[in-house]
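J.: Pasting in a structure now, in C-alpha cells, and then I'll have a few things to ask.
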Amino acid sequence: MEGQFMQEQRRYISPKQFLERERQNGTPWGRQFLYNQLSLGHIPHIRIGQKILIPEDALDQLLAGFTPPCGNGHDATP
Numbered sequence: 000m001e002g003q004f005m006q007e008q009r010r011y012i013s014p015k016q017f018l019e020r021e022r023q024n025g026t027p028w029g030r031q032f033l034y035n036q037l038s039l040g041h042i043p044h045i046r047i048g049q050k051i052l053i054p055e056d057a058l059d060q061l062l063a064g065f066t067p068p069c070g071n072g073h074d075a076t077p
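Numbering (numbering that gives the first Met the number 0), first residue to last: 0 to 77.
The structure is reproduced here in C-alpha cells:
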C-alpha cells in the first residue's frame, strides 16, 4: 500500500438523530439547547446548505468531558 493514503470514513448524523442518541445516554438536552451549543461551536459539525451534520462520535467526545451538575446548581467537581 505504499504511496496510497487510507482515508478514514467519518459518519455524520442529523441533529434529530443526535438528540435521540443523547437521550439514550441519559443527558436530557432539548432541541434549543443543542442548536445553541452548535451555534457557539461547542459541538463539532458541518453545514451543507441549510443541513447540519454532526460527527457520529461527537456524542462520545462530549460525554467523556461531561460533568453532571449537583442538585444545588454547581458543578460536581471541587
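Here a beta-carbon is modelled for each residue, glycine too, at the ideal position from N, C-alpha and C.
For leucine 52 and histidine 41, which I take to be in contact (beta-carbon distance under 8 Å), what is that distance rounded to the nearest angstrom?
T.: The Cβ separation is near 16 Å, so there is no contact.
J.: Considering Cα atoms alone, identify which of Ala63, Arg9, Pro14 is closest to tyrosine 34.
T.: Taking only the C-alpha atoms, the option nearest tyrosine 34 is Pro14.
J.: Please name the residue in Gln8, Leu58, Arg9, Arg10 whose C-alpha comes closest to that of glutamine 36.
T.: Leu58
J.: State buried or exposed for phenylalanine 32, treating a residue as buried only when at least 16 other CB atoms are found within 10 Å of its CB.
T.: exposed
J.: Express the C-alpha separation of tryptophan 28 and glutamine 8 in angstroms, rounding to a whole number.
T.: 28 Å
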